[in-house]
Amino acid sequence: MRVVVLVSGSGSNLQSLIDDVHAPGDAARIVLVVSSHPGVKALERAEAAGIPTAVVGLDGGERAARDRRLADVVEAADPGLVVLAGWMSILTGDFLDRFPDRVINLHPSLLPSFPGLHAIEQALAWGVRYTGVTVHYAEEVVDGGPPILQEPVAVMYGDDAEALTARIREVEHRLVPEAVRLFAAGRVRRDPSDRRRVQIVPGEGE
Ligand code: GAR
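Position one of the sequence shown corresponds to residue 35 (this note's numbering), numbered consecutively onward.
In structure tokens:
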């Protein structure tokens, strides 16, 4: 399965995909990495792995025009799946409608708790005992599409943002490759009569 990854920053989740699903013979092939910003670490990681890169930013322009440009760049790579791995810019229907049910997003909380920015800090401020990680279908509502995979992470007494972020990242680095493998195996299905329900089809012998 051809995968395009959209990034904005450090790209540690991109790295987990490069390491876990991108080797020859693996389930997927990352054919393009697109960043919303130039000069970020994620682009260095892609280049080190020999993956083509592009930068498509807002550049002070209009979001709809940026999203059409972005969709053209992504479509030219002919992806079976688009992964938003730390992509920190809102996407409109001008992008999402071009890849129906093929764009997934990663978020560092158990949605619908703590959508938007600073999810980990929000969880700490609330004092919740569990937060976690969600991989979900991307829709126009920010962090609002139906979950595909979720996993809780316990908040320990005395955790600061750095400590909790480290434990959340560990889970992300497992869940994102797992989601890609499930898509590549055709095991993710959205119920056509209730599109908020997502079925993970059991694998052989499960
Ligand atoms: C990840 O923690 C991801 O969950 C978060 O950005 C980080 C990117 O890290 N995404 C969001 O908050 C999206 N709402 P990375 O660049 O090291 O992969």
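Positions of the beta carbon are idealized from the N, C-alpha and C atoms, including for glycine. Being a predicted model, the structure only gives us computed values, none of them experimental.
Residue i, DSSP secondary structure in three states
i           : result
residue 141 : strand
residue 50  : helix
residue 199 : helix
residue 235 : coil
residue 151 : coil
residue 230 : coil
residue 103 : helix
residue 113 : coil
residue 128 : helix
residue 56  : coil
residue 217 : helix
residue 211 : helix
residue 205 : helix
Identified DSSP bridge partners for residue i
i           : result
residue 166 : 186
residue 64  : 37
residue 69  : 41 and 89
residue 181 : 170
residue 118 : 40 and 139
residue 222 : 234
From the options, residue whose alpha carbon lies closest to that of residue i
i           : options              : result
residue 133 : 148, 143, 42 and 104 : 104
residue 155 : 197, 226, 206 and 61 : 197
residue 46  : 200, 169 and 223     : 200
residue 145 : 180, 111 and 226     : 180
residue 222 : 192, 60, 80 and 137  : 137
Pair within 8 angstroms by beta-carbon distance, residue i and residue j
i           : j           : result
residue 52  : residue 142 : no
residue 120 : residue 41  : yes
residue 213 : residue 35  : no
residue 74  : residue 43  : yes
residue 38  : residue 90  : no
residue 205 : residue 178 : no
Inter-residue Cα distance where the pair is residue i and residue j
i           : j           : result
residue 113 : residue 189 : 37 angstroms
residue 71  : residue 171 : 23 angstroms
residue 100 : residue 123 : 11 angstroms
residue 194 : residue 158 : 8 angstroms
residue 117 : residue 162 : 28 angstroms
residue 57  : residue 65  : 12 angstroms
residue 149 : residue 125 : 15 angstroms
residue 238 : residue 215 : 14 angstroms
residue 169 : residue 185 : 9 angstroms
residue 139 : residue 209 : 11 angstroms
Heavy atom of the ligand GTP within 7 angstroms of residue i beta-carbon
i          : result
residue 48 : Looking at this structure, you won't find the ligand GTP anywhere; what it does contain is the ligand GAR.
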